[in-house]
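Quick notes on the structure that follows.
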């Protein structure tokens with residue numbers, strides 16, 4: 097989706113396998129191997145069912161919109177069905193960040209499941225031979241992460257126990273970007289067709305560095321972005337701009353900014369933690385795309401089909417946009433604020 101250099105620096109929910117990129121102690125996570133082989137039991141007592149579904153690994157937005165979706169991949173996932181059953185259940189897809197599945201995902205899955213939603217928690221990495229994307233976001237393209245969300249929608253719509261018109265998505269960091277872009281009309285309608293996409297999306301602390309210029313959500317979709325005003329890993333202003341453009345265009349988009357909150361502020365078991373080795377670039381220009389996925393050169397304002405990720409990499413490197421050191425985690429009350437806003441939104445919109 098964007099440049100390899102900047103993509104490698106921007107988003108990450110961190111994992112112990114990486115040493116938390118400089119944190120003093122490993123951050124809590126769920127083993128990909130265990131997740132693929134053993135059902136997870138949530139705190140509410142609901143046991144997951146191990147499933148798999150087919151996705152693709154595309155490389156560019158424009159090519160994917162034109163139908164060139166890349167090689168097939170079968171992703172691991174677990175689905176958690178609520179005790180209280182409707183004939184057709186509303187469902188929420190959960191998409192992890194760069195460190196893959198963490199304990200906060202299980203806590204959020206339990207809350208949503210207890211509220212009556214089927215929850216599909218996906219592992220976008222293991223089947224692709226990726227442990228995480230913390231050190232290099234270029235290990236998996238942003239368009240591939242976004243495609244995974246829509247592939248999960250397609251899977252859920254094929255099940256007889258899921259209401260195909262009531263599917264939502266929740267993601268944080270890299271996962272937040274994925275679910276937010278999966279709600280974009282130009283992409284969702286190209287992949288799934290009009291009227292077949294997500295109905296409600298919560299994007300937690302996403303990277304908003306690449307946006308469709310038209311700022312349109314897929315038909316009937318509502319979006320909530322949750323971000324802290326002390327997030328130093330991604331640009332708060334880029335996400336404000338994205339949501340504002342949608343609101344001006346009459347879209348059902350909203351944003352809640354939590355005063356004092358950091359990146360990954362929904363991680364109740366991770367106190368504010370410096371990550372000195374993390375590199376970020378919160379001042380690089382936003383990259384816009386046409387509805388056909390062609391990049392618009394920020395230096396000229398013109399769409400240029402010849403532009404590639406390498407061009408932006410060169411631009412970013414020569415201009416020296418990178419810096420080191422971020423802080424992630426949750427203060428008392430932050431994770432609860434995230435959970436409250438998230439569950440209330442889904443109750444209204446899904």
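In this note's numbering, the protein residues as written are 97 to 446.
Beta carbons are placed, not taken as given, at the ideal position from N, Cα and C, and that holds for glycine.
All values reported here derive from a predicted model rather than from experimental measurement.
- Taking one beta carbon from each stretch, the segment 296-311 and the segment 331-349 have 3 or more pairs nearer than 8 Å; the two touch.
- DSSP places residue 352 in no alpha helix (DSSP H) but in the uninterrupted beta strand (DSSP E) bounded by 348-354.
- A check of alpha carbon separations from residue 276 across 238, 260 and 176 identifies 238 as the nearest.
- Contact between the segment 186-202 and the segment 155-165 is not established, with fewer than three Cβ pairs separated by less than 8 Å.
- Per the Cβ contact rule, the segment 291-298 is in contact with the segment 255-266 (3 or more Cβ pairs under 8 Å).
- C-alpha of residue 306 to C-alpha of residue 334: approximately 9 Å in a straight line.
- Taken through DSSP and simplified to helix, strand or coil, residue 196 comes out as strand.
- As the crow flies, the alpha-carbon of residue 123 is around 30 Å from that of residue 416.
- The C-alpha of residue 291 lies about 19 Å from the C-alpha of residue 162.
- Bounds of any beta strand (DSSP E) do not take in residue 220, whose DSSP letter is neither H nor E.
- Only buried fits residue 151, as 16 or more other CB atoms lie within 10 angstroms of its CB.
- For residue 343, the enclosing alpha helix (DSSP H) starts and ends at 332-344.
- DSSP places residue 250 in the uninterrupted alpha helix (DSSP H) bounded by 238-253.
- According to the DSSP assignment, residue 179 belongs to no beta strand (DSSP E), since it is labelled neither H nor E.
- For residue 377, the number of other beta carbons within 10 angstroms of its own is at least 16, and it is reported as buried.
- Only residues of its own chain outside the window of five on either side were considered, and among them 257, 258 and 259 have a CB closer than 7 Å to the CB of residue 184, listed in chain order.
- Nearest to residue 368 by alpha-carbon distance, out of 197, 324, 282 and 253, is 324.
- Residue 295: not part of any alpha helix (DSSP H); DSSP gives it neither H nor E.
- The Cβ atoms of residue 170 and residue 148 sit closer than 9 Å to each other.
- Runs of the beta strand (DSSP E) lying entirely within the segment 370-435, each at least 3 residues long, are 383-385 and 419-424 in chain order.
- With a beta-carbon spacing of about 5 Å, residue 180 and residue 212 fall inside the 8 Å limit used to define contacts.
- Boundaries of the beta strand (DSSP E) harbouring residue 150: 145-152, taken from the DSSP string.
- Following the DSSP letters along the chain, one finds residue 160 in no beta strand (DSSP E) but inside the alpha helix (DSSP H) bounded by residues 157-161.
- Less than 9 Å divides the Cβ of residue 424 from the Cβ of residue 371.
- Per DSSP, residue 131 lies in no beta strand (DSSP E); the unbroken alpha helix (DSSP H) holding it starts and ends at 128-133.
- Taken through DSSP and simplified to helix, strand or coil, residue 215 comes out as strand.
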